[in-house]
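Asks: Below: one structure in structure tokens.
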Amino acid sequence: PDLSLAMRYGGGASEALLDRALEALSANDLSFSVSLQVPLWDGGRLSLEEQDERAAIALRRLELEEARSRIELEVRDAARELHDAERRHALFDASSRVAGESLRISAERYERGLIDTSAYLAAQADAAAARLGRTGALLDLYQARARLRLVGLEGDGAP
239 PDLSLAMRYG GGASEALLDR ALEALSANDL SFSVSLQVPL WDGGRLSLEE
289 QDERAAIALR RLELEEARSR IELEVRDAAR ELHDAERRHA LFDASSRVAG
339 ESLRISAERY ERGLIDTSAY LAAQADAAAA RLGRTGALLD LYQARARLRL
389 VGLEGDGAP
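For the sequence shown, position 128 matches number 366 in our numbering, and the numbering has no gaps at all.
The following block contains the structure:
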């Protein structure tokens, strides 16, 4: 609805009454005009606008649900990666300890002359590869923890 108010003070002159124009202009008249405009046929347009707004709200809700699902998936994925990285680190850590012990035994055997240089060098290479694997697994573990923190969860302390 539209409401308007108009006010006029003084007379009005027209070309037909030129002889009385000065009199009409100086008359002490005060007039008010109030008009109310109510659109009768806007009900359908307003209904369509309301439906559009409801559809937009429903679309935003779906987008919100999709974002929540995507975040939940990312968190689950990051938690799974962290769990896998922890298992790999534990495995490579144990492998590194075994390779270290094997290298110690091979060093004793080499000193006693029970094995040749190539067997001792192979044991050293195996120990180095196991340490490298443990370091790679540790890097993977730190990256998995960082990703999990990035998506919103805190991992437990460093190994």
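Idealized CB from N, CA, C, for every residue including glycine.
These figures come from a predicted structure and were not determined experimentally.
Round the Cβ separation of Ala361 and Ser344 to the nearest angstrom and send it over; I've been treating them as touching at under 8 Å.
Replies: Indexing the sequence shown from 1 puts residue 361 at position 123. Indexing the sequence shown from 1 puts residue 344 at position 106. Ala361 to Ser344, Cβ: 4 Å. Contact.
Asks: If you measure between the beta carbons of His327 and Leu386, is that distance less than 9 Å?
Replies: Working through the sequence shown from its first residue, we reach residue 327 at position 89. Working through the sequence shown from its first residue, we reach residue 386 at position 148. Contact: no.
Asks: CB Val336 to CB Ala375, shorter than 9 Å?
Replies: If you number the sequence shown from 1, residue 336 lands on position 98. If you number the sequence shown from 1, residue 375 lands on position 137. No, they are not a contact pair.
Asks: Taking the alpha helix (DSSP H) that Leu386 falls in, what are its first and last residues?
Replies: For this step, residue 386 is matched to residue 148 along the sequence shown. Residues 355-388.
Asks: Have a look at the DSSP bridge pairing and note the partners of Phe330.
Replies: Within the sequence shown, residue 330 is the residue found at index 92, counting from 1. In DSSP, Phe330 forms no bridge with anything.
Asks: Go ahead and label Ser307 buried or exposed: buried means 16 or more other beta carbons lie within 10 angstroms of its beta carbon, across all protein chains shown.
Replies: Translated into the one-based positions of the sequence shown, residue 307 becomes position 69. Burial call: exposed.
Asks: For Ala357, collect the residues of the same chain with a Cβ closer than 7 Å to its Cβ; drop the 5 residues on either side in sequence, then sort them by chain order.
Replies: Stepping through the sequence shown from its first residue, residue 357 is reached at position 119. Same-chain partners within the cutoff: Ser344.
Asks: Considering only residues of the same chain and omitting the five flanking positions on each side of Glu349, which have a CB-CB separation below 7 Å?
Replies: Here residue 349 refers to the residue found at position 111 when the sequence shown is read from its first residue. Excluding sequence neighbours, Glu349 sits near nothing in its chain.
Asks: Can you give me the C-alpha to C-alpha distance between Pro277 and Ser242, rounded to a whole angstrom?
Replies: In the sequence shown, counting from the first residue as 1, residue 277 sits at position 39. In the sequence shown, counting from the first residue as 1, residue 242 sits at position 4. Cα to Cα, the separation comes out at about 14 Å.
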